[in-house]
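K.L.:
2 protein chains.
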Amino acid sequence: MSKADRAVVFAALGDPVRLNLLARLGDGGSITQLSVGLPITRQAVTRHLHVLERAKLIEARRCGREVRFVARPERLRQAMGWLDDVARQWDGTLGRLKSHVERKKR
Amino acid sequence: MSKADRAVVFAALGDPVRLNLLARLGDGGSITQLSVGLPITRQAVTRHLHVLERAKLIEARRCGREVRFVARPERLRQAMGWLDDVARQWDGTLGRLKSHVERKKR
DNA sequence: GCAATATGCAACCTTTTTGTTGCGCATTAC
DNA sequence: GTAATGCGCAACAAAAAGGTTGCATATTGC
Chain F
773 MSKADRAVVF AALGDPVRLN LLARLGDGGS ITQLSVGLPI TRQAVTRHLH
823 VLERAKLIEA RRCGREVRFV ARPERLRQAM GWLDDVARQW DGTLGRLKSH
873 VERKKR
Chain Y
773 MSKADRAVVF AALGDPVRLN LLARLGDGGS ITQLSVGLPI TRQAVTRHLH
823 VLERAKLIEA RRCGREVRFV ARPERLRQAM GWLDDVARQW DGTLGRLKSH
873 VERKKR
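Listed in order, the protein sequences are those of chains F and Y.
Letter by letter, the first sequence follows residues 773 to 878 of my numbering.
Letter by letter, the second sequence follows residues 773 to 878 of my numbering.
1. Against residue 811(F), what residues of chain Y qualify as contacts under a CB-to-CB distance less than 7 Å, listed in chain order?
2. Less than 8 Å between the C-beta atoms of residue 784(Y) and residue 829(Y), yes or no?
3. Please classify residue 852(Y) as buried or exposed, where buried requires at least 16 neighbouring CB atoms within 10 angstroms.
4. For a test of the three-state rule: what should DSSP assign to residue 774(Y), helix, strand or coil?
5. Among residues of its own chain, excluding the 5 on either side of residue 876(F), which ones have a beta-carbon nearer than 6 Å to its beta-carbon?
6. Mark residue 836(Y) as exposed unless 16 or more other C-beta atoms lie within 10 angstroms of its C-beta, in which case mark it buried.
7. As a quick exercise: from 854(F), 846(F), 807(F), pick the residue whose alpha carbon is nearest that of residue 839(F).
8. Only counting the same chain, and skipping five residues up and downstream in sequence, which positions put a Cβ closer than 6 Å to that of residue 868(F)?
9. Kindly identify the DSSP beta-bridge partner or partners of residue 748(F).
10. What do you get for residue 850(F), buried or exposed, if any count of 16 or more other CB atoms within 10 angstroms of its CB means buried?
11. How would you list, in chain order, the residues of chain Y whose beta-carbon sits under 8 Å from the beta-carbon of residue 880(F)?
12. With a threshold of 8 Å, are at least 3 pairs of Cβ atoms found where one atom belongs to the region 785-804 of chain Y and the other to the region 856-866 of chain F?
13. Which stretch, first to last residue, makes up the alpha helix (DSSP H) that contains residue 723(Y)?
14. From residue 773(F) to residue 825(F), what does the alpha carbon distance come to, in whole angstroms?
15. Using C-beta distances below 8 Å, list every residue in its chain close to residue 814(F), excluding the 5 sequence neighbours before and after it, in chain order.
16. Kindly identify the DSSP beta-bridge partner or partners of residue 801(F).
17. Locate the alpha helix (DSSP H) running through residue 791(F), then write down its first and last residues.
18. List, in order along the chain, the chain Y residues whose C-beta lies closer than 8 Å to that of residue 801(F)?
19. Taking the CB atoms as reference points, tell me whether residue 827(F) and residue 787(Y) lie closer together than 8 Å.
20. So with CB distances below 7 Å, who are the chain Y contacts of residue 861(F)?
21. Which same chain residues end up closer than 6 Å to residue 842(F) when comparing Cβ atoms and leaving out the 5 residues on each side of it in sequence?
22. What is the rounded straight-line gap between the Cα of residue 846(Y) and the Cα of residue 819(F)?
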């Protein structure tokens, strides 16, 4: 995976609206549904969703007249792995960083 | 940490040049030093470094006439934690995602 | 002191991103 | 069949990002 591809994913994550959308995807979201409560138009939301889709963080599925977007967790894991790679380069020592994430929620 | 703050960090990571810079920081980098090999001017590199600095991913230190940029791994860990949070919301089950990152490099 | 090195600052340009409005098409409800 | 709902597309505008050039300032090496 090239650095350009990685950048696409992080850039997709680099917007508060999109982070919000990602967090609410679990509710099972059609475009209109995901638009409620946001201070922008449906079309703007559509664009954000397309950005996330191009980054392969979500996937679109047609269901009759509506489109459901589902999460792609494997991509998120991949992104975490990339960060882990950089972190390892930084502190040199293997395994140290990982154990931090480990400890985080316990 | 607000979603806007998180977005700033991911947006900073969302550029191939900046990912490249981050990967080479370990070598201990002054601006001029980090600029060699890149197809852009020193001033452009300076801007990228400032973006990373504002995201608290790196830190600037004056050393005489040059500026050294050092990595801030804790911020990277934090970003990984945020991704982990989203992933957990997605697959509901606790600990599953983490074990994936775990397995990644072994 | 003087030249070379390392940065900083500001103005300017181009491209991308983000958002809007208006309209058209497909699907569903009645 | 008709109306309402859910989306897609295209044109447009405003704002932000990325990059350049030119010049000024501070340190270092001789």
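Backbone N, C-alpha and C define an ideal beta-carbon position, used for all residues, glycine too.
These numbers come from a predicted model, not from an experiment.
P.N.:
Taking the coordinates as given:
1. Result: empty, since nearest Cβ-Cβ is about 14 Å, beyond 7 Å.
2. yes
3. buried
4. DSSP, reduced to helix, strand and coil, places residue 774(Y) outside both helices and strands of the structure shown, so it counts as coil.
5. Caution applies to residue 876(F), whose pLDDT of 48 falls short of 50 and renders its modelled position unreliable; the value that the coordinates give is listed next. There are no such residues.
6. exposed
7. Of 854(F), 846(F), 807(F), the residue nearest in Cα terms is 807(F).
8. Low confidence applies here, because residue 868(F) scores a pLDDT of 46, under 50, leaving its location unreliable and the question unanswered by this model.
9. Residue 748(F) lies beyond the range of chain F shown here (773 to 878); nothing can be said about it.
10. So residue 850(F) counts as buried.
11. This structure does not reach residue 880(F), given that chain F is present from 773 up to 878, and the question cannot be answered.
12. Short answer: they touch.
13. Outside the modelled stretch of chain Y, which goes from 773 to 878, sits residue 723(Y), for which no answer is possible.
14. 17 Å
15. 803, 804, 807
16. 841(F)
17. 788-796
18. None at all; the shortest Cβ gap to chain Y is about 12 Å.
19. no
20. 795, 798
21. Excluding positions up to five away in sequence, the list reads 831.
22. 32 Å
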